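K.L.:
So that we are looking at the same thing, I have put the structure below in structure tokens.
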Amino acid sequence: MTSRKVLVTGAAGFIGSHLVEELVRRNLTVRAFVHYNSMGSRGWLDMSPRYIRDALDVFAGDIRDPNGVRDAMKGCDAVFHLAALIAIPYSYHSPDTYVDTNIRGTLNVVQAARDLGVAHVVHTSTSEVYGTAQFVPITEGHPLQGQSPYSASKIGADQIALSFERSFGTPVTVVRPFNTYGPRQSARAVIPAIITQIAGGARVIRLGSTEPTRDFSFVSDTVAGFIAADEQRAAIGEVVNLGSGFEVSIGNTAELIAEIMGVEIQIELDQSRQRPARSEVDRLFASNTKAQKLLSWTPQFAGLDGFRRGIEKTVPWFRDPVNLSRYRTSAYTL
Numbered sequence: 001m002t003s004r005k006v007l008v009t010g011a012a013g014f015i016g017s018h019l020v021e022e023l024v025r026r027n028l029t030v031r032a033f034v035h036y037n038s039m040g041s042r043g044w045l046d047m048s049p050r051y052i053r054d055a056l057d058v059f060a061g062d063i064r065d066p067n068g069v070r071d072a073m074k075g076c077d078a079v080f081h082l083a084a085l086i087a088i089p090y091s092y093h094s095p096d097t098y099v100d101t102n103i104r105g106t107l108n109v110v111q112a113a114r115d116l117g118v119a120h121v122v123h124t125s126t127s128e129v130y131g132t133a134q135f136v137p138i139t140e141g142h143p144l145q146g147q148s149p150y151s152a153s154k155i156g157a158d159q160i161a162l163s164f165e166r167s168f169g170t171p172v173t174v175v176r177p178f179n180t181y182g183p184r185q186s187a188r189a190v191i192p193a194i195i196t197q198i199a200g201g202a203r204v205i206r207l208g209s210t211e212p213t214r215d216f217s218f219v220s221d222t223v224a225g226f227i228a229a230d231e232q233r234a235a236i237g238e239v240v241n242l243g244s245g246f247e248v249s250i251g252n253t254a255e256l257i258a259e260i261m262g263v264e265i266q267i268e269l270d271q272s273r274q275r276p277a278r279s280e281v282d283r284l285f286a287s288n289t290k291a292q293k294l295l296s297w298t299p300q301f302a303g304l305d306g307f308r309r310g311i312e313k314t315v316p317w318f319r320d321p322v323n324l325s326r327y328r329t330s331a332y333t334l
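The sequence shown begins at 1 in the UniProt record's numbering and counts up by one.
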């Protein structure tokens, strides 16, 4: 892998920045595609160690622009495509932007990869495409259900990516992470929402629905899954779940976090944080059998013990005053 140059779209984000750092540690040449902004911010990559930042070839652009995507991809052997709009509540507000970014952005990536002869595209899906589980554990053969504009846009993006593999032989692998958590995650996600409220001094924690279950994966496991997917040619044309194989309710998650942080909390349901009733995904619980067989990937933070260890690694990062200052602990942002 050391002689390869890879492009990471969405490199400035939560999972993307962790992936970029690990790729640099593995001595790959990394071009980091970040969303252009007038302040020159590189998102979470600005917080990476100096040796990581110095190693990067940074390309500022917009995934919706096919010309910029093509320029960014020139000279790259592989692409990790993570750029997307991911906030579910905002997708109710502005669904058009999800079609433009997630579907058209993915089209731009696979079209450029096809034209430039890129050796591999690892495309990022999401467990949200399954909707509420019709059976568990959820295998890759589970029906797809667009229960939010976000999930519908990701179904479309996945199918665009896979269609290029089937139509043109573009080497595409679709990885489908379940609910990834860890340092740097946006407080729009439930685990950082709970941690930041507690770290900010709240003891009455405002949440949406507490009954749904999720299959939480620590970010280092997700990153390892992406890299394994890139290394395995047998995964081309395949969809592969990346999940811990363990489910826990939102309510129990809040209780575990409070225990680890050494506080007692009360949960107050906040209607503004709840999805429309038919849009809520009530249960997610992954089968990772295919990933274990096809990618030789096994989560290191699996089960209740692994989940506890992952939370114990996540809490100190958010408790750091420098990191906590980047979050509005008393406000809910779409």
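Beta carbons are placed, not taken as given, at the ideal position from N, Cα and C, and that holds for glycine. Predicted, not measured: the structure shown is a model, and the values here were computed from it.
1. Going by other Cβ atoms of all chains shown within 10 Å of its Cβ, with 16 needed for buried, is Y36 buried or exposed?
2. What does the Cβ neighbour count give for M1, buried or exposed, with the cut at 16 atoms within 10 Å?
3. Going by C-alpha distance, which of F168, A32, E231, A254 is nearest V175?
4. Does the beta-carbon distance from R70 to A112 come in below 8 Å?
5. Using the beta-carbon count (16 or more within 10 Å), is A78 buried or exposed?
6. Whose CA, out of V24, V6, R184, lies closest to the CA of V118?
7. Can you list, in chain order, the residues of its chain with a C-beta nearer than 7 Å to that of F285? Leave out the 5 residues immediately preceding and following it.
8. Can you check DSSP and say which residues form a bridge with I267?
9. Mapping DSSP to helix, strand and coil, what is I63?
10. Going by DSSP, what residue range makes up the beta strand (DSSP E) through H142?
11. Looking only at its own chain, which residues have a Cβ that is under 7 Å from the Cβ of T180, when we skip the five neighbours before and after it?
12. Any idea what DSSP makes of M1, helix, strand or coil?
13. Per DSSP, what kind of secondary structure is D57 in: helix, strand or coil?
14. Just to confirm, is the Cβ distance from S127 to P177 under 8 Å?
15. If I measure Cβ to Cβ from T106 and keep anything under 7 Å in the same chain, skipping five residues before and after, which residues do I get?
16. Is L7 helix, strand or coil by DSSP?
17. Applying the criterion that 16 or more other CB atoms from any shown protein chain within 10 Å of the CB defines a buried residue, is E238 buried or exposed?
18. Run through the DSSP bridge pairs and tell me what S249 is partnered with.
19. Taking the continuous alpha helix (DSSP H) assigned at residue 338, which residues delimit it?
20. Is the distance from the Cβ of A87 to the Cβ of R188 below 8 Å?
21. With distances taken from CA atoms, which of P49, G245, T101, L45 is nearest F59?
22. Rounded to whole angstroms, what's the CA-CA distance from W297 to R206? Just pull it up for me.
23. Take G131 as the anchor and find which of F307, S279, R275 has the nearest alpha-carbon.
24. Going by beta carbon distance, what residues of the same chain come within less than 8 Å of E211, once the five residues before and after it are set aside?
25. Do you know how far the Cα of V240 is from the Cα of D62?
26. Excluding the five sequence neighbours on either side, which residues of its own chain have a C-beta within less than 8 Å of the C-beta of I198, listed in chain order?
27. Comparing C-alpha positions only, which one of Y332, V24, Y150, P276 sits nearest to N102?
28. Using the rule of at least 16 other Cβ atoms within 10 Å of the residue's Cβ for burial, across every protein chain shown, is H93 buried or exposed?
29. When you compare only the Cα positions, how much space is there between R31 and R203?
30. Using the C-alpha atoms, what's the distance from M39 back to N288?
31. So, for W317: in the same chain, excluding its five sequence neighbours on each side, which residues have a beta-carbon less than 7 Å away from its beta-carbon?
32. Grab me the residues of E165's own chain with a C-beta within less than 8 Å of its C-beta, minus the 5 sequence neighbours each way, in chain order.
33. Helix, strand or coil: how does DSSP classify P149 here?
P.N.:
Based on what the coordinates show:
1. exposed
2. Any reading at M1 must be qualified, since the residue scores a pLDDT of 48, below 50, and its modelled position is unreliable; the value itself is stated next. Classification for M1: exposed.
3. E231
4. yes
5. buried
6. V6
7. A133, V136, P137, I138, T213, D215, E247
8. I205
9. coil
10. No beta strand (DSSP E) contains H142, which DSSP labels as neither H nor E.
11. I15, S217, V219, T222
12. Below a pLDDT of 50, predicted positions are generally treated as unreliable, and M1, at 48, falls in that range; no measurement from the model is reported.
13. strand
14. yes
15. H81, H123, A157, I160, A161
16. strand
17. buried
18. T213
19. Any question about residue 338 goes unanswered here, given that the chain covers just 1 to 334.
20. yes
21. L45
22. 36 Å
23. S279
24. S249, I250, G251, D282
25. 27 Å
26. I205, I257, A258, M261, V263, I265
27. Y150
28. exposed
29. 43 Å
30. 41 Å
31. P183, N323
32. P171, V172, I236, G237
33. helix
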